[in-house]
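Below you'll find the structure, written out as structure tokens, and then a few comments.
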Amino acid sequence: MTPADLAAVISDCVHTAIRSGRLSADVPSEIRVERPRHRHHGDYSTNVALQLAKSAGLPARAVAEVLAPLVSMANGVAKAEVAGPGFLNITLESGAIGALARDIVLAGDAYGRTERLGGLRLNLEFVSANPTGPVHIGGARWAVVGDVLARLLKAAGADVSREYYFNDAGVQIDRFARSLLAAAEGSPAPEDGYSGAYIEDIAAAVLHRQPEVLRLPEAEALAAFRAEGTELMFDEIKASLAAFGTRFDVYFNEKDLHDQGDLDAAVARLREGGHVFEAEGAVWLRTTDFGDDKDRVLVKGDGSWTYFTADCAYYLNKRGRGFERVVIMLGADHAGYVGRMRAMAACFGDDPDTHLEILIGQLVNLVEDGTPVRMSKRAGTVLTLDDLVEAVGVDAARYALARASVDAMIDLDIDLLTRQSNDNAVYYVQYAHTRPCAVQRRAEEAGIGKGAPEDFDPSLLTHEREADLLGMLAEFPQVVATAAALREPHRVPHYLEQLAGTYHRFYDACRVLPLAGEDPDGLTRARLWLTEASRLVLRNGLQLLGVSAPERM
């Protein structure tokens, strides 16, 4: 029985109490069921009586005393006791607890998935680094967090489209093209341009494609370097992200917004809403009406668009494609965008709390021997995603970046992340996955199977360590749903580490396979079901992180 199953049982009991006249109260929309800190308090605890007390007009403890006998009579429940100001501590029957092992094995990949966010159509934009250089280490963080969040949202039932905004228009691309041209000519990089070995590599690749490009007039040469160089750079970005296990459903070009007239259409829509005005020779959006610290320019005095106008057009484009919620992940250096973007959504007539969500992430440092690593071998000035992967590998990098809350700046310690010991969190969890794999191999070699589902006896799983493990396994769907709803992917690796520790303690305390000369019995088979369930949850959790689940280490 999972927490969700028990919450449904408690909800039925609440409705029974109301129908019978023992309670008159409003049923809460969500009933929380949690594992108590101390085992002697039972398998689960709920504060439903405290939630009901106000509408019932009774002390919470009195409400709990009404519900306790009803919950105690429910199938799978051994007893429900009132505690403290009105908590219900619930102990399940051993069969109800143990049956979860079979349920998990039969569910397989589907275990952990829910429909908590079913029906939500969501556009998730992340990374979106300009194609003027490799993905830097801060972008690597979003490459993981965005990818894991997309997996979690899908596991919680949402319809998610992963999108990369490809900024191939504007001043930065002009600087990039001039930098490539200078490198091709053997000249120093422009003062406001880009440098590094990657610029020389891409310039050489453009020359290989167009050997006569340097003989063209400067404007034509710059156009060639802009087009070819941007394509080559973005191909590299895509390749780096793919090698890192991050994929996208849509790569959206900013240039398309300009070519399709989307900027004009967005300004016209904003003007219709009465939010556009002209002053100082420019066209403005009155975002201060919706909490922004100042109004924003849409069209500059020289008639050129601002970056903000493209942001407006892009948001409107996403909403026009049918996305109910637009989620944008930005680095800490873009925190100032939140106010203007929310105001922009409001100017379009949307509710920023419903239709727009902006997540801000903090910086990442790579540390070796206690000292920050500052320089990239190829990019010159910034560390890149490829540098990170070269230093610690894909699994360690993804796990470490997903493990930290995006609100916190993190230092990635190369020495720790390459260490094969329990100090390294990803190694600890992956090693926990190899142990049930090893048990299953030995069982197969000995000709011992777990038997058919109908032969599984869950009531045999009564050991304290078995109960602990089953309780942890039961938490997985709730962890996934909560991580998705709160946009907190770090909850998954922290859960996996707790599960790994719980499995290790079970493994040390409970012999699964019989000793030489002994025959397998019902307990052997029951523990094999529990072993397989543990392996599946560890694997499913690692898959949500995009991290491999090795069978041997």
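Residue numbers (our numbering): 268 to 820. Every residue gets a Cβ at the ideal spot worked out from N, C-alpha and C, and that includes glycine. It should be emphasised that the depicted structure is a prediction, and the values quoted were computed from it without experimental measurement.
- Could you have a look at S291 and say whether DSSP puts it in helix, strand or coil? Note: S291 maps to coil in three-state DSSP.
- Assumed close pair A610, F544 - CB separation to whole angstroms, cut-off 8 Å: Separation of the CB atoms of A610 and F544 is rounded to 14 Å, and the pair is thereby denied contact status at 8 Å.
- Query: In terms of residues, what are the limits of the beta strand (DSSP E) holding N807?
  - Reply: Note, N807: premise wrong, no beta strand (DSSP E); alpha helix (DSSP H) at 789-811.
- Looking at C-beta atoms only, is the number of pairs between the stretch 497-511 and the stretch 477-486 that lie closer than 8 Å three or more? Look at the beta carbons and you see the stretch 497-511 not touching the stretch 477-486: under three pairs across the two are nearer than 8 Å.
- Item | Proximity winner among E332, A368, A345, V338, relative to G353 (alpha-carbon distances) | Cα-wise, what sits closest to G353 is E332.
- Message: Going by beta-carbon coordinates alone, are G424 and R383 separated by less than 8 Å?
- Response: Using a Cβ distance threshold of 8 Å, G424 and R383 count as a contacting pair.
- Would you decide whether Y574 is buried or exposed? Buried here means 16 or more other CB atoms lie within 10 Å of its CB. Y574 should be labelled exposed.
- Task: Taking G808 as the reference, give the member of L782, A748, M820 with the closest Cα.
- Result: Answer by Cα proximity: A748.
- Task: Give a yes or no on whether the C-beta atoms belonging to Q707 and E799 are separated by under 8 Å.
- Result: For Q707 and E799, yes; Cβs fall inside 8 Å.
- Message: Within 10 Å of its beta-carbon, does N689 have 16 or more other beta-carbons around it, so buried, or fewer, so exposed?
- Response: By the neighbour-count rule (16 or more Cβ atoms within 10 Å), N689 is not buried but exposed.
- Task: Can you tell me which of the three DSSP states P639 falls into?
- Result: If DSSP states are grouped into helix, strand and coil, P639 belongs with the strands.
- Task: Work out the CA separation of R369 and V300 for me, nearest whole Å.
- Result: One C-alpha to the other measures close to 22 Å.
- Item | Pairwise C-alpha distance: V814 and I371 | Roughly 21 Å between the two C-alpha positions.
- Pair every Cβ in the stretch 418-438 with every Cβ in the stretch 447-454, then say whether three or more of these pairs are closer than 8 Å. Taking 8 Å as the limit for Cβ pairs, the verdict is that the stretch 447-454 does not touch the stretch 418-438.
- Query: Cα-Cα, which of V594, T638, L630 is closest to P619?
  - Reply: Among V594, T638, L630, the Cα nearest to that of P619 is on V594.
- Message: Using a Cβ distance threshold of 8 Å, determine whether the stretch 526-534 contacts the stretch 509-518, with at least three qualifying pairs required.
- Response: In the pairwise beta carbon analysis, the stretch 526-534 is classified as not touching the stretch 509-518: fewer than three pairs are separated by under 8 Å.
- Item | Separation of V294 from S278, as counted between CA atoms | Between S278 and V294, the C-alpha separation is close to 8 Å.
- Task: Please report how far the alpha carbon of G738 lies from the alpha carbon of L565, in whole angstroms.
- Result: So the alpha carbons of these two residues sit roughly 56 Å apart.
- Message: Quick check for students: name the residue ranges of the beta strand (DSSP E) that lie wholly in the stretch 594-629, counting only runs of 3 or more.
- Response: Contiguous beta strand (DSSP E) elements confined to the stretch 594-629 occur at 623-628, taking only those with 3 or more residues.
- Query: Under the DSSP definition of a beta bridge, which residues are partnered with A816?
  - Reply: DSSP lists no partner for A816.
- Task: Label L419 either buried or exposed according to how many other C-beta atoms from any shown protein chain fall within 10 Å of its C-beta, with 16 as the threshold for buried.
- Result: By the neighbour-count rule (16 or more Cβ atoms within 10 Å), L419 is buried.
- Item | Cutoff 8 Å; reference A491; Cβ partners in own chain excluding five residues on either side | The residues are V473, Q477, V480, L483.
- Go ahead and label R588 buried or exposed: buried means 16 or more other beta carbons lie within 10 angstroms of its beta carbon, across all protein chains shown. Around the beta carbon of R588, a 10 Å sphere encloses fewer than 16 other beta carbons of the protein chains shown; the residue is thus reported as exposed.
- Message: Distance check for P787 and P781, CA to CA, integer angstroms please.
- Response: The alpha-carbon atoms of P781 and P787 are separated by roughly 6 Å.
- Message: Spatial neighbours of I298 within its chain, please: C-beta separation below 7 Å, excluding the five flanking residues on both sides.
- Response: Non-local C-beta neighbours of I298 in its own chain, meaning closer than 7 Å and more than five positions away in sequence, comprise A274, I277, S278, T313, V315, ordered along the chain.
- Query: With distances taken from CA atoms, which of R445, A470, D468 is nearest G460?
  - Reply: Cα-wise, what sits closest to G460 is R445.
- Which runs of the beta strand (DSSP E), 3 residues or longer, sit entirely within the stretch 408-496? Here the runs fully enclosed are 426-433.
- Message: With a threshold of 6 Å on Cβ separation, who are the neighbours of H308 within its own chain once the five nearest residues in sequence on each side are excluded?
- Response: Hits under 6 Å: N356.
- Segments assigned beta strand (DSSP E), at least 3 residues, entirely inside the stretch 276-326: Those beta strand (DSSP E) runs which fall completely within the stretch 276-326 and span 3+ residues are 311-313.
- Query: Between L727 and A410, what straight-line distance do the alpha-carbon atoms span, to the nearest angstrom?
  - Reply: Going from the Cα of L727 to the Cα of A410 covers about 45 Å.
- Message: Shorter than 7 Å, the distance from the beta carbon of T554 to the closest heavy atom of the ligand MG, or not?
- Response: This structure lacks the ligand MG; in fact it carries no ligand of any kind.
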